[in-house]
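A.B. asks:
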Amino acid sequence: QVQVAESGGGSVRPGGSLRLSCAASGNSFSCNDMGWYRQAPEKQRELVATIGTGGNRNYVDSVKGRFTISRDNVKKMLYLQMNNLKPEDTAVYYCNTASQRWSWGQGTRVTVSS
Numbered sequence: 214q215v216q217v218a219e220s221g222g223g224s225v226r227p228g229g230s231l232r233l234s235c236a237a238s239g240n241s242f243s244c245n246d247m248g249w250y251r252q253a254p255e256k257q258r259e260l261v262a263t264i265g266t267g268g269n270r271n272y273v274d275s276v277k278g279r280f281t282i283s284r285d286n287v288k289k290m291l292y293l294q295m296n297n298l299k300p301e302d303t304a305v306y307y308c309n310t311a312s313q314r315w316s317w318g319q320g321t322r323v324t325v326s327s
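Here the sequence shown is numbered in the working numbering, starting from 214 and rising by one per residue.
#1: I'd like to know whether the C-beta atoms of V273 and T303 end up nearer to each other than 7 Å.
#2: Quick check on V287: buried or exposed, where buried means 16 or more other Cβ atoms within 10 Å of its Cβ?
#3: How many angstroms separate the CA atom of Y250 from the CA atom of S327?
#4: Can you check which of these residues, V305, S312, Q313, T310, is closest to A253 by C-alpha distance?
#5: Can you tell me whether R284 is buried or exposed? The criterion is at least 16 other CB atoms within 10 Å of its CB, across all chains shown.
#6: Between L260 and G248, what straight-line distance do the alpha-carbon atoms span, to the nearest angstrom?
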């Protein structure tokens with residue numbers, strides 16, 4: 214079973230930036246469309262961004278123009294560059310395949326507050 218480990222979260226002020234990273238084990242990373250998800254307090258987990266095996270990207274409307282998803286298939290790493298962060302971006306962020314095939318990691322917490 215593939216395992217993932219997210220990192221890079223933290224506390225920032227509105228307008229700040231963070232870069233999240235996700236390291237995947239195993240050998241199937243490059244074969245999967247990947248996604249970043251987030252779960253805010255008392256809310257359901259939502260899909261924030263996806264990147265296909267060919268590099269095509271999609272974003273939820275609330276993060277378009279602010280977040281950028283990228284991947285490094287050699288390093289088996291998934292990234293999420295988050296700029297102009299807003300308080301509503303506060304959540305625990307997770308990575309998984311776009312179809313949620315893998316077990317969930319611990320996530321990395323992002324807090325945006327003044």
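Cβ atoms here follow ideal geometry from the backbone N, Cα and C, with glycine treated the same way.
C.D. replies: Reading off the structure:
#1: no
#2: exposed
#3: 24 Å
#4: V305
#5: buried
#6: 7 Å
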